[in-house]
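*Asks:* Residue numbers for the sequence shown follow my numbering, so the first one is 37 and each next one is one higher.
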Amino acid sequence: MDQRKLMDNANTITDMAKVRKIIAVVKTFFQIVLHSNDAIADLQTQNTVYEIVSDLSSRHDNLEDRLVTLEDKMSTLQEQVSEKFRSKQEIRISSSRIAFVKTS
Numbered sequence: 037m038d039q040r041k042l043m044d045n046a047n048t049i050t051d052m053a054k055v056r057k058i059i060a061v062v063k064t065f066f067q068i069v070l071h072s073n074d075a076i077a078d079l080q081t082q083n084t085v086y087e088i089v090s091d092l093s094s095r096h097d098n099l100e101d102r103l104v105t106l107e108d109k110m111s112t113l114q115e116q117v118s119e120k121f122r123s124k125q126e127i128r129i130s131s132s133r134i135a136f137v138k139t140s
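Following this line, the structure appears as structure tokens:
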């Protein structure tokens, strides 16, 4: 009977060791899975950040093109206004010369 108890205790200890190994393997497995999920989340975050930066870059380029177009239009308007102003001044100078010649 004592021999049997010793064998049962030995089997129990062996079973407990096996259970500890299984628990260690399962724990390692879950750590790997959790780490993989973190890595996947990090990749998704990186992809999202890349998409945002790419979108901002595209919008920046578009805005820069629009600003260049606006600057060109403003420059053209400034030239047209200056030309009109010069024309009016020349007309006034011409009319004052004509008036001066008539009075002389």
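We put the beta carbon where it would ideally sit given N, CA and C, even for glycine.
I'd like the ranges of any beta strand (DSSP E) spanning at least 3 consecutive residues and lying wholly in the region 54 to 94.
*Replies:* DSSP runs (the beta strand (DSSP E)) wholly in the region 54 to 94: none.
*Asks:* Quick check: the Cα distance between VAL62 and ASP74, rounded to an integer number of angstroms?
*Replies:* On the sequence shown, residue 62 is found 26 positions in, with the first residue counted as 1. On the sequence shown, residue 74 is found 38 positions in, with the first residue counted as 1. Cα to Cα, the separation comes out at about 18 Å.
*Asks:* To the nearest angstrom, how far is it from the Cα of GLU100 to the Cα of THR64?
*Replies:* Within the sequence shown, the letter at position 64 stands for residue 100. Within the sequence shown, the letter at position 28 stands for residue 64. So the alpha carbons of these two residues sit roughly 53 Å apart.
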